[in-house]
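J.: For the sequence shown, full-length UniProt numbering gives the first residue as 1, with consecutive numbering after it.
Before I ask anything, here is the structure I am working with.
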Amino acid sequence: DLIRYRRKHEKVVQRKATTKIKSSNGGEFDLHLYVNNVTYAEHIALVKGDISDDAPVLTRVHALNVLDDVLGDTQSGHHGHLAAAMRQIGDEGRGVVVLIREPRPNSLSSSVAKLIELNGGDGEALRQELAQATGETDLRDYGVGAQILHDLGIRDMILLSNTKRHIVGLDGFGLNLVDQRPLVVSEE
Numbered sequence: 001d002l003i004r005y006r007r008k009h010e011k012v013v014q015r016k017a018t019t020k021i022k023s024s025n026g027g028e029f030d031l032h033l034y035v036n037n038v039t040y041a042e043h044i045a046l047v048k049g050d051i052s053d054d055a056p057v058l059t060r061v062h063a064l065n066v067l068d069d070v071l072g073d074t075q076s077g078h079h080g081h082l083a084a085a086m087r088q089i090g091d092e093g094r095g096v097v098v099l100i101r102e103p104r105p106n107s108l109s110s111s112v113a114k115l116i117e118l119n120g121g122d123g124e125a126l127r128q129e130l131a132q133a134t135g136e137t138d139l140r141d142y143g144v145g146a147q148i149l150h151d152l153g154i155r156d157m158i159l160l161s162n163t164k165r166h167i168v169g170l171d172g173f174g175l176n177l178v179d180q181r182p183l184v185v186s187e188e
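Here you go:
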């Protein structure tokens, strides 16, 4: 009930611009730029095809990671997930990828600390130094992605993910998870 009330009376994200983008992963998408009115972080929704009917929409909510998504880091276990989601939605001809940008000032440093640990180093020292400098914050606000999906008119979703999760509170945003499909990540 609180989520429903806040959704009606408090708009945390706002759509600022819409254009088209042609990608090597999935072809042409409508690109919607959203801004979080609290943190001022910018997020993107990529929409493929007509999502306005009542049929469930293939959906991926993806937390952007510079090391994985830009530099192509293969050690994290998440390499290629964004491209795979875009390709699968492109093949389907219909769907949405929501790209959530973390507003935390140390999100890149935190990823580098994990990479240091994967390479046998001490990433904890860097992580503690960052925590003292920036303070502890939540990993990510799932509500931002839900608000973007709601704004796009999505109600029923087929989630693209390789992780089974029970996401609490989706119904408060008028969202319903009807199925889940695995990401098909190519080994490049």
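For glycine and all other residues, C-beta sits at the position ideal for the given N, C-alpha and C.
(1) Any idea what DSSP makes of H81, helix, strand or coil?
(2) Can you tell me which of the three DSSP states R87 falls into?
(3) Just to check my reading of the structure: I44 and H32 have Cβ atoms closer than 8 Å, yes? What is that Cβ distance to the nearest angstrom?
(4) Could you tell me which residues DSSP puts in a beta bridge with L159?
(5) Are H150 and L175 close, meaning C-beta to C-beta below 8 Å?
(6) Straight-line CA distance for D53 to H81?
(7) Going by CA-CA distance only, name the one from Y34, N65, V70, N25 that's closest to K48.
(8) Mind checking whether L64 and R101 have CB atoms under 8 Å apart?
(9) Cβ atoms of H79 and D91: under 8 Å apart, would you say?
T.: In this structure, then:
(1) Your numbering for residue 81 matches position 81 in the sequence shown. Three-state DSSP puts H81 in a helix.
(2) Along the sequence shown, one-based indexing puts residue 87 at 87. Helix, per DSSP.
(3) Translated into positions along the sequence shown, residue 44 becomes position 44. Translated into positions along the sequence shown, residue 32 becomes position 32. Indeed, because the Cβ distance is near 7 Å, the residues count as touching under 8 Å.
(4) As a first step, residue 159 must be located in the sequence shown, where it is residue number 159. Paired residue(s): T59, Q180.
(5) In the sequence shown, residue 150 corresponds to position 150, counting from 1. In the sequence shown, residue 175 corresponds to position 175, counting from 1. Taking 8 Å as the Cβ cut-off, H150 and L175 qualify as a contacting pair.
(6) Position 53 of the sequence shown, counted from the first residue, corresponds to residue 53. Position 81 of the sequence shown, counted from the first residue, corresponds to residue 81. If I take the Cα positions, the gap works out to 27 Å.
(7) The residue you call residue 48 lines up with position 48 of the sequence shown. Per the Cα distances, N25.
(8) Working through the sequence shown from its first residue, we reach residue 64 at position 64. Working through the sequence shown from its first residue, we reach residue 101 at position 101. Yes; because the gap between Cβ atoms is below 8 Å, this pair is in contact.
(9) Reading the sequence shown from its first residue, position 91 is the one you call residue 91. Reading the sequence shown from its first residue, position 79 is the one you call residue 79. No. Outside cutoff.
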